[in-house]
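Since the structure comes first, as structure tokens, the remarks are kept for the end.
There are 2 protein chains.
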Amino acid sequence: MERTACGTLRETHKGEKVLLKGWVQKRRDLGGLIFIDFRDRSGIVQVVFNPEVSKEALAIAESVRTEYVLEVEGEVVAREAGTVNEQLATGEIEVLASDVRVLNKAKTPPFMIEDETDVAEDARLKHRYIDLRRKEMQDTFYIRHQATQVIRNFLNQDGFLEMETPILTKSTPEGARDYLVPSRVHDGGFYALPQSPQLFKQLIMMSGFEKYYQIARCFRDEDLRADRQPEFTQVDIEASFVTKEDIMTMTERMMTAVMKEVKGIDIETPFPRLSYEEAMERYGSDKPDTRFGLELVNISSIVENSGFQVFKNAVTSGGQVSAINVEGQAEDFSRKDIDKLTEDVKVYGAKGLAWLKVKDGELTGPIAKFFEGEEASSLKEALNAKDGDLLLFVADKTSVVHDSLGALRQKLADRLDLIDHSTFNFLWVIDWPLFEYNEDDGRYYAAHHPFTMPAAEDEQHLLDRPETVQAEAYDIVLNGYELGGGSLRIHKRDLQEKMFEALGFSKEEAEEQFGFLMEALDSGAPPHGGIAFGLDRLIMILANRTNLRDTILFPKTASASDLMTNAPGGVDESQLEELSLKLQKKK
Amino acid sequence: MERTACGTLRETHKGEKVLLKGWVQKRRDLGGLIFIDFRDRSGIVQVVFNPEVSKEALAIAESVRTEYVLEVEGEVVAREAGTVNEQLATGEIEVLASDVRVLNKAKTPPFMIEDETDVAEDARLKHRYIDLRRKEMQDTFYIRHQATQVIRNFLNQDGFLEMETPILTKSTPEGARDYLVPSRVHDGGFYALPQSPQLFKQLIMMSGFEKYYQIARCFRDEDLRADRQPEFTQVDIEASFVTKEDIMTMTERMMTAVMKEVKGIDIETPFPRLSYEEAMERYGSDKPDTRFGLELVNISSIVENSGFQVFKNAVTSGGQVSAINVEGQAEDFSRKDIDKLTEDVKVYGAKGLAWLKVKDGELTGPIAKFFEGEEASSLKEALNAKDGDLLLFVADKTSVVHDSLGALRQKLADRLDLIDHSTFNFLWVIDWPLFEYNEDDGRYYAAHHPFTMPAAEDEQHLLDRPETVQAEAYDIVLNGYELGGGSLRIHKRDLQEKMFEALGFSKEEAEEQFGFLMEALDSGAPPHGGIAFGLDRLIMILANRTNLRDTILFPKTASASDLMTNAPGGVDESQLEELSLKLQKKK
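Respectively, the protein sequence lines represent chains F and W.
For the numbering used here, count along the first sequence from 1 and bump the result up by 43.
For the numbering used here, count along the second sequence from 1 and bump the result up by 43.
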């Protein structure tokens with residue numbers, strides 16, 4: 044007999060003989076009968092063992108426990124009125140078992156397999172094969188499968204070729220820390236696991252393939268945060284002879300397909316575009332969540348001559364003052380509440396959080412006395428402040444103002460429950476700076492990577508005014524998460540050389556590390572550009588999860604361990620000898 | 044204007060204005076005109092620069108060289124009669140250029156970009172981005188893309204979920220040599236790159252997903268042969284509640300889809316099945332190429348009392364005598380030729396190669412005198428020997444007989460040009476032994492891997508007669524290549540423990556290395572099985588290539604180097620320090 048999937052049974056199957064294979068979710072003994080919630084990948088159906096149907100089956104059913112693996116034959120029957128289970132897709136019927144075989148036994152699981160779990164994550168990771176049986180995990184990986192196929196089908200139809208780039212590749216010091224793989228054959232030689240296929244996909248363009256994609260594994264040996272994993276999956280795309288507009292439009296069409304097919308949602312295109320500068324000024328973030336307001340307003344020009352020295356000094360010393368109007372919340376935030384918010388912004392380097400409330404058309408609060416007349420009305424007008432509003436200010440260096448108010452904005456949105464979790468706000472952040480200055484190292488780094496094309500009009504300032512140079516780069520943001528980003532790439536050798544020079548590479552260093560790229564740029568390299576985005580994070584958002592680990596089948600902990608297999612582990616001395624390596628004690 | 048693909052232009056486009064972007068394949072100056080073979084991913088079209096159309100365009104065209112990247116505007120015109128190029132899909136038309144822009148220059152390529160190349164492979168690998176522009180390379184990677192999508196679509200429709208397993212995993216000493224990745228966080232800890240996702244896919248079954256696949260990167264740090272790469276790609280499949288028959292039938296349907304969609308060929312199913320024993324006896328190989336005859340015939344029973352001591356002794360000492368009838372070739376193989384064949388079989392440990400020829404119904408040759416009367420006629424009958432046939436014999440240990448005649452058979456087929464390269468012979472090899480005895484180590488190893496299910500009737504002999512135990516395993520063979528293989532897996536803990544015991548593991552060693560698997564087997568593990576096959580090798584056969592490296596975008600050399608990027612390379616002392624490692628001189 045062919046197997047039937049448990050979760051597909053409906054009233055229309057009444058009277059059919061079926062063969063089920065799956066797991067005992069739950070067994071209940073009731074009045075001489077045994078009821079089993081029987082589970083397979085497709086769902087759950089109730090199986091009933093009745094001595095009038097088969098005493099033998101009932102006897103076996105008596106011996107089974109949770110998570111036993113069974114094969115059940117029986118007949119689909121309608122449930123009696125009053126016992127219909129509306130929570131269950133199969134709730135109108137049950138299967139009356141005539142025969143049952145135990146395919147495998149199971150020890151009592153270390154935790155229950157149920158939707159809402161409060162089991163410690165370590166236990167879930169150690170027994171991942173049990174955790175993954177929970178419906179919300181099954182659903183997440185179904186979404187992952189589905190989204191992956193939608194993306195592939197879209198790219199295939201758009202003429203992209205799926206291609207594989209090496210995992211054993213070359214270490215390059217620029218960027219995050221590499222995972223290294225010692226070579227047994229080349230003394231002192233190491234491969235590195237790729238942080239992304241960036242150079243290889245550019246070389247694919249120089250190989251004339253024109254449109255490439257890969258769902259690629261990438262690796263970074265960084266200290267992990269909640270939303271980082273040592274290995275992660277990236278949808279990696281590159282095309283030749285394209286404009287920024289081409290890549291952005293293609294990405295929008297792809298995301299539209301994903302949202303439609305996975306979530307059944309129509310999203311609007313084109314996505315809004317914010318310049319980096321505007322994103323920072325209005326949201327204090329380069330990945331703004333636009334599902335709620337609480338926008339930052341720069342009031343520097345209003346307060347540059349203020350009697351409130353803190354504001355005035357911030358502006359005159361080159362910084363700025365920005366504010367958020369927390370509308371209608373003046374009454375709900377006590378001084379203690381605001382003190383707590385002040386602690387929050389201090390984490391980001393802010394020296395303090397100034398505040399005003401609006402009552403009967405007047406500004407109130409300890410610093411209200413500094414704002415009178417025109418300054419007060421300009422302030423109210425700029426912030427659109429009305430009675431009952433709470434105004435929060437940070438006056439500091441620009442980066443501190445942005446970071447602290449950006450974080451505060453997110454915190455307030457959560458506290459005030461301003462976020463509609465059913466919406467998906469995509470947007471682009473464009474007009475990025477090409478370089479970032481690192482004060483510790485006293486040098487410029489590439490804000491994206493050293494292969495990003497500078498804006499044509501800024502090219503001349505690569506060496507003399509690098510801080511002013513904009514990049515032909517674009518990031519895609521969804522609900523406050525950076526989904527991914529891309530750029531046009533440098534496709535001419537002389538510009539690439541100048542870029543390395545701006546990054547402080549000597550000619551020899553550039554040649555040593557990137558000689559093959561330079562040669563390839565000299566071999567007939569087409570103009571090209573692309574994008575890459577994190578699949579794990581996209582799935583996290585699509586599946587309404589908040590923990591990136593829930594979207595990865597066998598993830599690692601914050602200390603990069605696999606608790607199930609106990610990786611990483613020790614190796615034999617002989618394995619190290621073959622690699623000409625010796626362990627040393629950490630200093 | 045929208046870009047048009049060069050290779051798509053036909054006579055029907057006559058009169059259309061087009062914008063082309065691509066590479067200069069070749070430039071010819073002829074009677075004041077310039078002709079450029081202009082190439083993009085889709086093919087080649089001839090572009091003509093005529094001073095009567097545009098002097099400016101002609102002037103630019105004069106400056107361009109091979110592999111320059113251009114943007115050309117022009118009009119599609121019919122070629123004059125007599126200048127039509129039938130070798131070219133676009134050969135009936137050409138594009139009369141009205142405008143041209145140089146998008147990038149190119150140095151003279153280190154070798155020509157043409158179909159048939161005799162350039163040294165090292166040069167091709169160093170300048171891989173140039174080698175990949177050749178049409179046969181472009182075609183190979185298009186086939187790779189296409190085959191990959193056919194496989195995925197097939198598996199998706201069959202209800203399989205694509206899932207990703209870790210690349211940073213745990214080292215297990217059983218099997219080939221692992222690539223190791225030192226951990227920065229865990230002192231003395233190492234990850235290993237997976238040789239296959241075997242255990243993870245079994246754990247996915249224990250996680251209740253029932254049908255899994257992955258196009259997975261796998262790694263083996265072995266000394267390389269022509270058909271091995273340190274990293275390779277495997278189509279990895281696993282399913283729960285299945286029989287061997289289910290997996291084999293599914294695989295046959297999948298291969299049918301691949302052959303149909305990629306090659307336009309209908310292949311016959313079910314594929315022939317040979318037991319391991321029959322494959323070895325008839326073809327001297329566990330991956331027989333059945334595109335030609337030259338089968339081995341075991342004549343041991345005929346010669347066990349032979350007057351020819353070499354034959355008799357081989358049989359009585361537990362070995363065997365087998366022969367190949369090289370039909371009609373008696374005249375064409377001189378004694379010198381046969382001496383050469385003898386050298387060939389000695390490589391496989393054979394002490395010699397005996398031969399007979401058939402002439403006028405009689406056996407001739409130096410050893411003919413030993414075979415008379417019934418023995419001679421039995422021999423001729425068994426080998427179906429007719430006048431003009433050459434009979435080749437090896438008498439030795441069974442394994443030597445199989446290996447040497449198996450290799451000889453392949454050699455003869457090449458020499459006699461017996462192979463029809465347009466046919467695709469799939470077959471299954473089944474009934475494998477579960478163990479292989481390694482004489483050097485004096486112990487049994489798992490012939491496939493330690494998780495393979497033994498045949499139910501042999502289970503009782505796991506410990507006392509391991510050499511007799513058969514595996515529930517199957518290999519798929521195509522044209523003499525092992526494409527892949529699979530098995531049902533052990534799904535019960537007690538059997539898995541017995542298996543480890545048979546392999547000489549102590550209880551502690553088994554627990555230490557595979558404790559997590561044993562626990563998972565105890566948690567409600569469903570019966571399951573699967574298959575995996577090498578994508579690189581499949582593509583090699585589909586694309587009619589003979590070098591596996593031609594099917595991998597950026598392959599490594601036989602010493603596991605990437606000649607383009609110079610990986611593996613040295614790393615900074617500080618990187619090693621962070622990993623608590625020190626380099627040692629090789630002993």
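Idealized CB from N, CA, C, for every residue including glycine.
{"Check": "Short CB-CB distance (under 8 Å) between S226 (chain W) and chain F", "Outcome": "yes"}
{"Check": "Within chain F, partners of S214 (chain W) - CB distance below 7 Å", "Outcome": "G612 and V614"}
{"Check": "Best match in F:F81, F:T160, F:P569 and F:E555 for proximity to V145 (chain F) [C-alpha to C-alpha]", "Outcome": "F:F81"}
{"Check": "C-alpha distance - D565 (chain W) paired with T608 (chain F), whole-angstrom precision", "Outcome": "16 Å"}
{"Check": "Backbone CA spacing between V305 (chain W) and A259 (chain W) [nearest angstrom]", "Outcome": "21 Å"}
{"Check": "Span of the alpha helix (DSSP H) around T294 (chain W)", "Outcome": "K287 to V301"}
{"Check": "Residues in the segment 134-166 of chain F having any Cβ partner in chain W nearer than 7 Å", "Outcome": "L146, N147, A149, K150 and P152"}
{"Check": "Proximity below 8 Å, CB of Y255 (chain W) to CB of L204 (chain W)", "Outcome": "yes"}
{"Check": "E347 (chain F): CB within 7 Å of a non-hydrogen atom of the ligand SAM", "Outcome": "Of ligands this structure carries none, so the ligand SAM is not represented either."}
{"Check": "N609 (chain W) at chain F interface by Cβ criterion, 8 Å", "Outcome": "yes"}
{"Check": "Residue burial classification, Q238 (chain F) (beta-carbon count within 10 angstroms, cutoff 16)", "Outcome": "buried"}
{"Check": "Cutoff 8 Å: E618 (chain W) Cβ touching any chain F Cβ", "Outcome": "Sequence inspection shows Gln at residue 618 (chain W); the Glu mentioned does not correspond to that position. Yes, Q618 (chain W) lies at the interface with chain F (some Cβ there is under 8 Å from its Cβ)."}
{"Check": "Beta-bridge partners of A100 (chain F), as assigned by DSSP", "Outcome": "DSSP output for A100 (chain F) lists no bridge partner at all."}
{"Check": "Amino acids of chain F, ordered along the chain, whose beta-carbon sits closer than 7 Å to that of I173 (chain W)", "Outcome": "S566"}
{"Check": "Cross-strand partners of T608 (chain W) (DSSP beta bridge)", "Outcome": "For T608 (chain W), which the question treats as bridged, DSSP gives no partner whatsoever."}
{"Check": "Straight-line Cα distance separating A603 (chain F) from D266 (chain F)", "Outcome": "8 Å"}
{"Check": "Chain W contacts from the segment 284-299 of chain F (Cβ-Cβ distance under 8 Å)", "Outcome": "F284"}
{"Check": "Simplified DSSP state of A190 (chain F), which is helix, strand or coil", "Outcome": "helix"}
{"Check": "Within chain W, the residues that K303 (chain F) reaches when beta carbons sit closer than 7 Å", "Outcome": "Under the 7 Å cutoff, chain W gives no residues; its nearest Cβ is about 18 Å from K303 (chain F)."}
{"Check": "Whether T208 (chain F) touches L596 (chain W) by CB criterion (8 Å)", "Outcome": "yes"}
{"Check": "Against chain F: residues of the segment 92-111 of chain W by CB proximity under 7 Å", "Outcome": "E110 and Y111"}
{"Check": "CB contact check: N199 (chain F) to chain W, cutoff 8 Å", "Outcome": "yes"}
{"Check": "The beta strand (DSSP E) enclosing L399 (chain F), as first and last residue numbers", "Outcome": "A397 to K402"}
{"Check": "Residues near T51 (chain F) by beta carbon distance below 7 Å, same chain, minus five either side", "Outcome": "S85"}
{"Check": "Buried versus exposed, by CB contacts within 10 Å (16 or more), V390 (chain F)", "Outcome": "exposed"}
{"Check": "Identity of the residue in W:E418, W:T212 and W:A102 nearest G75 (chain W) by Cα", "Outcome": "W:A102"}
{"Check": "Contact set between the segment 515-539 of chain W and chain F, restricted to residues whose Cβ is under 7 Å from the partner", "Outcome": "H534 and K535"}
{"Check": "R536 (chain W) - containing alpha helix (DSSP H), residue span", "Outcome": "R536 to A545"}
{"Check": "Contact belief for V115 (chain F) with V143 (chain F) at Cβ below 8 Å, rounded distance in angstroms", "Outcome": "5 Å"}
{"Check": "From W:E118, W:S530 and W:A366, residue whose alpha carbon lies closest to that of K287 (chain W)", "Outcome": "W:S530"}
{"Check": "8 Å Cβ cutoff, N628 (chain F) in contact with chain W", "Outcome": "The displayed chain sequence assigns Lys, not Asn, to residue 628 (chain F). Yes, K628 (chain F) counts as interfacial toward chain W."}
{"Check": "L591 (chain F) beta carbon less than 8 Å from that of T37 (chain F)", "Outcome": "Residue 37 (chain F) is absent from the structure shown; chain F starts at 44 and stops at 630."}
{"Check": "Exposure of I79 (chain W), with buried meaning 16 or more beta-carbon neighbours within 10 Å", "Outcome": "buried"}
{"Check": "Close Cβ partners of L622 (chain F) (< 6 Å) along its chain, the five nearest in sequence each way excluded", "Outcome": "P225 and R227"}
{"Check": "G558 (chain W), DSSP secondary structure in three states", "Outcome": "helix"}
{"Check": "Chain F residues whose Cβ lies nearer than 7 Å to that of T191 (chain W)", "Outcome": "E205"}
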